[in-house]
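Worksheet: one structure, shown below.
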Amino acid sequence: MNCKQKVETPIKEHMMTVMAYLSEAQANGAEIDAATQLVMVSQTLSKDFDLFQASYNLNRKEMSLTELMKELQAFKNIFRGSGSKAEANLAEPSSPAPNPKRKKEKGKNKGNKPAVNAPASKKSKKTKK
1383 MNCKQKVETP IKEHMMTVMA YLSEAQANGA EIDAATQLVM VSQTLSKDFD
1433 LFQASYNLNR KEMSLTELMK ELQAFKNIFR GSGSKAEANL AEPSSPAPNP
1483 KRKKEKGKNK GNKPAVNAPA SKKSKKTKK
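If you read the sequence shown in this note's numbering, its first letter stands for residue 1383, the second for the next number, and so on.
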């Protein structure tokens, strides 16, 4: 079967085309089990579905062609517009967060006279005679 999906083709339209080909092949006497049909369909998908194929191959789910079509549509909706590249948006504060302890320390003397450190008293040295 030579039916590669074009990038612009909606997955539902592509799946219906592939399912029609598979149905025609079976009507002509071909015996294709469900697992083989899934493999054949996955080989016709565009590069947009590489991540889906990797996930599918790791999990090896058993599903019908209709279930596969729904899974592919859900996958496409998740990655719509992102070009199948994962993105991460990080937010960083523009200034450091205020330290609540500092505010309390600054506010202790509020309204009072500022604390002045008195110079340490000097003991007079007695000279020995």
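Built from N, CA and C at the ideal position, the CB exists for glycine as well.
Applying the 10 Å Cβ sphere with the 16-neighbour rule, what's the burial state of Q1425? Sequence index remark: in the sequence shown, residue 1425 carries index 43 (1-based). Burial call: exposed.
For R1442, tell me which candidate among A1416, E1390, A1412 has the shortest Cα-Cα distance. Position 60 of the sequence shown, counting from 1, holds the residue named residue 1442. Among A1416, E1390, A1412, the Cα nearest to that of R1442 is on A1416.
Counting Cβ pairs, one atom from each stretch, are 3 or more of them under 8 Å apart for the stretch 1400–1415 and the stretch 1433–1440? With a cut-off of 8 Å, the stretch 1433–1440 and the stretch 1400–1415 do not count as touching, because too few Cβ pairs lie within range.
Going by beta carbon distance, what residues of the same chain come within less than 6 Å of V1389, once the five residues before and after it are set aside? Taking the first residue of the sequence shown as 1, we reach residue 1389 at position 7. Within the same chain, V1389 has close Cβ partners S1428.
Just the C-alpha distance for M1397 and T1448, rounded to the nearest angstrom, thanks. One-based indexing of the sequence shown puts residue 1397 at position 15. One-based indexing of the sequence shown puts residue 1448 at position 66. For M1397 and T1448, the distance between alpha carbons rounds to 9 Å.
Can you tell me which of the three DSSP states V1423 falls into? One-based indexing of the sequence shown puts residue 1423 at position 41. Reduced to three states, the DSSP call for V1423 is helix.
Since I believe F1431 is in contact with L1454 (beta carbons under 8 Å), could you give me their beta-carbon distance rounded to a whole number of angstroms? In the sequence shown, the residue the question calls residue 1454 occupies position 72. In the sequence shown, the residue the question calls residue 1431 occupies position 49. Rounded, the Cβ-Cβ distance is 7 Å, consistent with contact.
Just to confirm, is the Cβ distance from V1400 to V1423 under 8 Å? Start at 1 with the first residue of the sequence shown, and residue 1400 comes out as number 18. Start at 1 with the first residue of the sequence shown, and residue 1423 comes out as number 41. With a cutoff of 8 Å on beta-carbon distance, V1400 and V1423 are scored as near each other.
Is I1393 buried or exposed, if buried means 16 or more other CB atoms sit within 10 Å of its CB? Locating residue 1393 in the sequence shown gives position 11, counting from the first residue. Counting of Cβ neighbours within 10 angstroms places I1393 among the buried residues, the total reaching 16 or more.
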